[in-house]
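The structure under discussion appears below in the form of structure tokens.
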């Protein structure tokens with residue numbers, strides 16, 4: 001059972017120094033990007049271009065290139081608006097990347113027009129990794145802990161209610177495969193805060209650190225968790241999820257329930273934990 005607490009946040013200045021020591025490339029940190037739990041920072045290259053510096057601990061450049069970066073390369077080749085990675089450097093046991101800055105600002109509220117565009121992007125993800133069998137497939141972590149997220153221990157310890165939810169998640173995990181089969185590209189954190197828009201048009205999808213191969217419908221379940229309750233977009237997503245076969249939807253819903261409730265217990269207020277437990281319970285019957 002993991003006893004992990006809050007996830008460590010990015011120290012952008014330290015990582016910029018690490019990049020210079022590892023590669024000889026110097027960037028100047030301008031400031032942190034808004035949003036996110038781990039963090040990202042705007043930097044400026046020596047030629048004046050801007051970039052986004054991100055940090056992924058516990059991995060290697062080789063692993064990142066074989067997984068998330070490979071997924072993004074394939075998607076960009078079919079016109080998907082994902083940022084190019086301009087530098088990836090090993091800094092200790094972490095990888096620091098610097099990505100291009102895409103136009104637009106993050107989406108605050110998922111309206112119907114934005115949802116239509118998000119669904120179209122999700123369609124672009126379908127089957128694009130069929131010729132990339134070496135890209136890792138997604139594990140749902142319904143029985144065992146994930147790497148820093150999807151931890152079961154916090155749910156078991158927090159309250160009777162969260163322990164009951166964790167028991168349901170484990171039951172679903174025992175009845176379904178551990179991995180999410182498929183040849184779709186998956187973002188794995190496809191929520192409004194990772195969508196960029198300008199003048200009502202989606203201009204990019206950011207934060208592909210967990211991208212992998214599997215079933216793109218998980219991204220739609222993730223999007224539903226990020227849509228505001230009571231909105232028309234949320235109602236449309238509910239109808240879409242209702243159309244998924246039960247043996248598909250249950251493990252996807254269990255995964256997102258575990259991910260959000262675990263994260264809320266370790267990072268959010270008790271009221272927010274209660275909110276996410278209530279939301280997860282909508283589909284646990």
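Residue numbers (the numbering used here): 1 to 285.
For each residue, glycine too, the CB sits at the ideal point set by N, CA and C.
Residue i burial status per 10 Å Cβ neighbour count (16 or more: buried)
{"i": "residue 201", "result": "exposed"}
{"i": "residue 191", "result": "buried"}
{"i": "residue 286", "result": "For residue 286 there is no data in the structure shown, the boundaries of the chain being 1 and 285."}
{"i": "residue 212", "result": "buried"}
{"i": "residue 214", "result": "buried"}
{"i": "residue 77", "result": "exposed"}
{"i": "residue 207", "result": "buried"}
{"i": "residue 24", "result": "exposed"}
{"i": "residue 157", "result": "exposed"}
{"i": "residue 229", "result": "exposed"}
{"i": "residue 51", "result": "buried"}
{"i": "residue 209", "result": "buried"}
{"i": "residue 198", "result": "exposed"}
{"i": "residue 154", "result": "buried"}
{"i": "residue 68", "result": "buried"}
{"i": "residue 259", "result": "buried"}
{"i": "residue 246", "result": "exposed"}
{"i": "residue 152", "result": "buried"}
{"i": "residue 12", "result": "buried"}
Sequence-distant residues of its chain with Cβ nearer than 6 Å to residue i (five each side left out)
{"i": "residue 59", "result": "95"}
{"i": "residue 3", "result": "Bear in mind that a pLDDT of 43 at residue 3, under 50, signals an unreliable position, so the model cannot answer this."}
{"i": "residue 97", "result": "54, 85, 88"}
{"i": "residue 263", "result": "none"}
{"i": "residue 117", "result": "202"}
Min CB distance residue i to chain B below 7 Å
{"i": "residue 70", "result": "In summary, chain B is missing from the structure at hand, where a single protein chain is found."}
Given residue i as reference, the closest of the options once Cα atoms are compared
{"i": "residue 27", "options": "8, 89, 66, 64", "result": "89"}
{"i": "residue 148", "options": "266, 237, 247", "result": "266"}
{"i": "residue 249", "options": "140, 24, 71, 136", "result": "140"}
{"i": "residue 224", "options": "125, 242, 131", "result": "242"}
{"i": "residue 110", "options": "220, 284, 283", "result": "220"}
{"i": "residue 40", "options": "67, 56, 69", "result": "56"}
{"i": "residue 48", "options": "61, 30, 22", "result": "30"}
{"i": "residue 252", "options": "268, 199, 175", "result": "175"}
{"i": "residue 256", "options": "209, 239, 283", "result": "283"}
{"i": "residue 231", "options": "124, 113, 170", "result": "113"}
{"i": "residue 106", "options": "277, 33, 22", "result": "33"}
{"i": "residue 91", "options": "131, 19, 155", "result": "19"}
{"i": "residue 178", "options": "13, 146, 131", "result": "146"}
{"i": "residue 93", "options": "234, 61, 143, 261", "result": "61"}
{"i": "residue 261", "options": "72, 277, 124", "result": "277"}
{"i": "residue 124", "options": "75, 240, 131", "result": "75"}
{"i": "residue 302", "options": "281, 108, 128, 172", "result": "Residue 302 lies beyond the range of the chain shown here (1 to 285); nothing can be said about it."}
{"i": "residue 126", "options": "239, 218, 168", "result": "218"}
{"i": "residue 42", "options": "167, 10, 22, 64", "result": "10"}
{"i": "residue 119", "options": "152, 138, 233, 281", "result": "233"}
{"i": "residue 172", "options": "22, 279, 285, 268", "result": "285"}
{"i": "residue 142", "options": "130, 132, 131, 166", "result": "166"}
Other residues of its chain near residue i: CB distance less than 8 Å, five sequence neighbours each side excluded
{"i": "residue 205", "result": "80, 81, 82, 121, 187, 190, 194, 195, 196"}
{"i": "residue 237", "result": "115, 220, 223, 224, 227"}
{"i": "residue 5", "result": "266"}
{"i": "residue 66", "result": "134, 135, 136"}
{"i": "residue 130", "result": "183"}
Same chain only: Cβ atoms within 7 Å of residue i, ignoring 5 sequence neighbours per side
{"i": "residue 46", "result": "26"}
{"i": "residue 203", "result": "81, 102, 103, 104, 196, 197"}
{"i": "residue 15", "result": "53, 55, 91, 96"}
Output the residue ranges of the beta strand (DSSP E) runs that lie fully inside the segment 69-145 and measure 3 residues or longer, sorted by chain position.
85-91, 94-100
If we require 3 or more residues per run, which beta strand (DSSP E) segments fall completely within the segment 32-70?
Counting only runs of 3 or more, we get 41-45, 50-57.
Only counting runs of 4 or more residues, tell me where the alpha helix (DSSP H) segments fall wholly within the segment 193-269, in order along the chain.
217-226, 232-242, 246-267
Counting pairs of beta carbons, one from the segment 175-188 and one from the segment 102-111, are three or more of them closer than 8 Å?
no
Determine, using beta-carbon pairs with one atom in the segment 153-168 and one in the segment 262-278, whether at least three such pairs fall under 8 Å.
Because the criterion of three Cβ pairs below 8 Å is met, the segment 153-168 and the segment 262-278 touch.
Contained alpha helix (DSSP H) runs [length at least 4] in the segment 165-192, N- to C-terminal order:
none
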